[in-house]
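K.L.:
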Amino acid sequence: MRGERPAWVQQLHQEYGPVVHLSPSEVDFCSISAAKQIHRFRAPFLKSNFYTNLRGNSIVADNAFTTTDLVYHARHRRLLSGPISKSSLKSIEPVVTARVDLAIQKMGEEMKARGCLSFGDSFLMLEIGKKNQYAEDLETVASLTCLRASFPASIRFASSLPFKLPLFHKASESAFRISRHKRIVDADPSNAPPTLLSKLYQAGEEGLSQDEIIAKARTYIIAGSDTTAHSLTYLVWAVCKDDTIKRRLAEEVAVLREGYTDDDLESLPYLNQVLQETLRIYSAAPGPLPRFVPEGGCDIDGYWVPGGLTVTTQAWSMHRDSSVYPDPYRFDPSRWENATKEMYDAWMPFGGSPSNCIGLHLAQKELRLATVRFFQAFPNAKVSSREGFSDDDMMSKCYMLIFPKGKRYLIEGS
Numbered sequence: 003m004r005g006e007r008p009a010w011v012q013q014l015h016q017e018y019g020p021v022v023h024l025s026p027s028e029v030d031f032c033s034i035s036a037a038k039q040i041h042r043f044r045a046p047f048l049k050s051n052f053y054t055n056l057r058g059n060s061i062v063a064d065n066a067f068t069t070t071d072l073v074y075h076a077r078h079r080r081l082l083s084g085p086i087s088k089s090s091l092k093s094i095e096p097v098v099t100a101r102v103d104l105a106i107q108k109m110g111e112e113m114k115a116r117g118c119l120s121f122g123d124s125f126l127m128l129e130i131g132k133k134n135q136y137a138e139d140l141e142t143v144a145s146l147t148c149l150r151a152s153f154p155a156s157i158r159f160a161s162s163l164p165f166k167l168p169l170f171h172k173a174s175e176s177a178f179r180i181s182r183h184k185r186i187v188d189a190d191p192s193n194a195p196p197t198l199l200s201k202l203y204q205a206g207e208e209g210l211s212q213d214e215i216i217a218k219a220r221t222y223i224i225a226g227s228d229t230t231a232h233s234l235t236y237l238v239w240a241v242c243k244d245d246t247i248k249r250r251l252a253e254e255v256a257v258l259r260e261g262y263t264d265d266d267l268e269s270l271p272y273l274n275q276v277l278q279e280t281l282r283i284y285s286a287a288p289g290p291l292p293r294f295v296p297e298g299g300c301d302i303d304g305y306w307v308p309g310g311l312t313v314t315t316q317a318w319s320m321h322r323d324s325s326v327y328p329d330p331y332r333f334d335p336s337r338w339e340n341a342t343k344e345m346y347d348a349w350m351p352f353g354g355s356p357s358n359c360i361g362l363h364l365a366q367k368e369l370r371l372a373t374v375r376f377f378q379a380f381p382n383a384k385v386s387s388r389e390g391f392s393d394d395d396m397m398s399k400c401y402m403l404i405f406p407k408g409k410r411y412l413i414e415g416s
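Each residue of the sequence shown is one higher than the one before, starting from 3 at the first, in this note's numbering.
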C-alpha cells in the first residue's frame with residue numbers, strides 16, 4: 003500500500019540471500035540463472051493470477067500483457083509489435099523529434115510524444131503547458147490497476163457496492179475517455195490520421211472485436227506514458243547531481259552535426275551508458291514478474307519448489323546485486339564501458355524474457371532524443387533547492403510503475 007514492496011523484497015535478499023520466501027505461496031529469486039529459467043521463451047512457468055487481477059472484470063478485453071493464454075499472447079503481440087519495431091519507427095521519427103522539441107520548449111511536461119504517436123494528436127498537453135484531463139486519467143487508471151492486482155478481493159467488494167466510491171467512478175470515466183479514438187476513426191475513417199494503432203484497426207477483419215482493439219489501445223498509451231516520463235525525470239536528476247557526468251555527456255552531444263538522427267545517437271557511447279545506468283537503477287517497472295510453478299514442481303537454483311506456488315524475480319533486486327554491479331547504489335555510467343556478460347544478463351528493465359516489453363525500441367528512441375535535446379539546450383542545468391525541493395522528493399515509490407515520492411522535480415538552467 004505504501005509503494006515500497008520492491009525495496010522491502012530487496013532488504014530481505016540482503017539479509018537472507020538470493021532466495022526468500024515472501025509468503026506461504028510465493029518465493030522470490032534474485033539470480034541470473036533463476037531469471038533465465040523462469041522467463042525463458044516457451045517456459046512452462048505461466049503468468050500468475052496477478053496479471054488477470056490487473057484487468058479484473060474490466061470494461062475492455064484482455065490484452066497481450068495480462069493474458070495467460072500463450073496462443074492469444076503470440077497472436078496479439080504480433081499485431082502490436084509490428085508498428086513499433088525498430089525499422090517501422092524510422093517513419094515516425096520526425097513526430098517523436100517534434101514532440102521532444104516542444105517538450106524542451108515547455109519544460110516540465112510529463113507526456114511528450116506518446117499521445118501523438120498512439121492517437122494521432124498530442125492531447126494538447128505540451129501546447130497548454132500543464133497537465134490536462136488525459137494525464138489525470140492515466141494516473142487514476144494506473145492507481146486502480148495496482149490496487150486491483152494486489153487486493154483483488156477488496157476491489158471486488160468495493161465494486162459491488164450500490165454506490166461508486168470516488169476512485170472507481172473516476173477510473174470508469176477515465177477508461178471511457180482513453181478509448182475515444184477508435185470511435186473517431188469509425189466515424190470518419192478516410193480522414194483518420196495514421197497512428198501506431200492503424201494495424202489494429204485493420205485487424206478487425208481478422209476477428210478482433212472493438213473491445214479487444216480498445217484494450218490494445220490502452221496497453222499502448224498507459225504502458226508507454228508515465229514509464230518514459232519517469233525514466234527521463236530520473237535520468238536528468240541523476241546526471242545533474244554529478245558535474246563530472248553532466249559535463250562529459252554535454253560535451254559528447256554538443257558536437258553532433260546539424261540534422262542528426264537517432265541512428266547517430268545510437269553510436270554515442272557515453273549517452274548510451276547513461277541510458278543503461280538510468281534503466282538499471284530507475285527501471286520504470288522494477289517490481290515482481292510472478293509466474294506459477296508448473297504441475298509436479300521443479301528445481302530452481304538447487305531449491306525444490308512445489309507445483310502451483312508462485313515464483314518471482316524483480317528488476318529492483320537483480321539490478322542491485324553487488325556481485326554483478328559493484329557499488330550498486332551508485333549512479334555510474336562508466337561501469338558500462340567494459341560491461342561483463344553478467345551485467346547484461348542481469349539487466350532487465352524491459353522484462354525478463356525474449357517476450358519482453360514490445361515498446362522498448364520506442365522508449366529507447368524517446369529517451370535518446372529527449373536526453374540529447376535537453377543537454378544541448380541546458381548543458382549547465384542543476385538540481386534546484388527552491389520550494390524546499392530535496393533528494394527526499396526523488397525517493398522512489400512503486401505501484402507497478404516507479405515515480406518520485408514528491409511527484410515533482412525542480413531544476414535550474416543557466
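Yeah, the Cβ is synthetic: ideal placement off N, Cα and C, and Gly gets one too.
Values in this document were obtained by computation on a predicted structure and should not be read as measured data.
Using the C-alpha atoms, what's the distance from Met320 back to Ala348?
P.N.:
Using only the alpha carbons, I get a separation of about 6 Å.
K.L.:
Given this structure, state the Cα-to-Cα distance separating Thr68 from Trp306, to the nearest angstrom.
P.N.:
So the two alpha carbons sit approximately 28 Å from each other.
K.L.:
Using a Cβ-Cβ cutoff of less than 7 Å, which residues in the same chain neighbour Ala252 once the five nearest sequence positions on both sides are dropped?
P.N.:
If we look at Ala252 and ignore the five residues flanking it on each side, its Cβ neighbours are Phe377, Pro381.
K.L.:
Okay, do the segment 363 to 374 and the segment 86 to 93 touch, 3+ Cβ pairs below 8 Å being the bar?
P.N.:
Judged by Cβ distances under 8 Å, the segment 363 to 374 makes contact with the segment 86 to 93, as three or more pairs qualify.
K.L.:
Determine the extent of the beta strand (DSSP E) in which His23 is found, giving its start and end residues.
P.N.:
Residues 21 to 25.
K.L.:
Leaving out five residues before and five after Ser285 in sequence, what residues of the same chain have Cβ atoms less than 6 Å from its Cβ?
P.N.:
Taken in chain order, the residues that qualify are Ala317, Pro351.
K.L.:
Can the beta-carbon of Ile40 be found closer than 8 Å to that of Arg293?
P.N.:
It is a contact, given that the beta carbons lie within the stated cut-off.
K.L.:
Assuming Gly354 contacts Leu291 (C-beta within less than 8 Å), just tell me the rounded distance between them.
P.N.:
Rounded, the Cβ-Cβ distance is 5 Å, consistent with contact.
K.L.:
Rounded to a whole number of angstroms, what is the C-alpha to C-alpha distance between Tyr401 and Pro8?
P.N.:
Roughly 10 Å between the two C-alpha positions.
K.L.:
Kindly identify the DSSP beta-bridge partner or partners of Arg249.
P.N.:
Paired residue(s): none; Arg249 is not in a bridge.
K.L.:
Just the C-alpha distance for Leu48 and Ile404, rounded to the nearest angstrom, thanks.
P.N.:
Answer to the nearest angstrom: the Cα atoms are 25 Å apart.
K.L.:
Which whole-angstrom value describes the C-beta separation of Thr373 and Leu273, a residue pair presumed to lie in contact below a C-beta threshold of 8 Å?
P.N.:
With a Cβ gap of about 7 Å, Thr373 and Leu273 count as contacting.
K.L.:
Taking the straight line between their C-alpha atoms, what separation do you get for Asp265 and Thr235?
P.N.:
The straight-line gap from Cα to Cα measures roughly 23 Å.
K.L.:
Taking 6 Å as the limit between beta carbons, can you name the residues of its chain near Ala37, skipping five residues before and five after?
P.N.:
Excluding sequence neighbours, Ala37 sits near Thr315, Gly354.
K.L.:
Could you give the residue range of the beta strand (DSSP E) that holds Phe425?
P.N.:
Past the boundaries of the shown model lies residue 425; the chain is included only from 3 to 416, so the question cannot be answered.
K.L.:
Compute the beta-carbon to beta-carbon distance between Glu414 and Ser386, rounded to the nearest angstrom, for a pair I have assumed lies under 8 Å.
P.N.:
Confirmed, Cβ separation roughly 5 Å.
K.L.:
Where does Phe159 land, buried or exposed, given buried means 16+ other C-beta within 10 angstroms?
P.N.:
With a pLDDT of only 49 at Phe159, under the threshold of 50, the placement of this residue in the model should not be trusted; the figure read from the coordinates follows. Under this definition Phe159 is an exposed residue.
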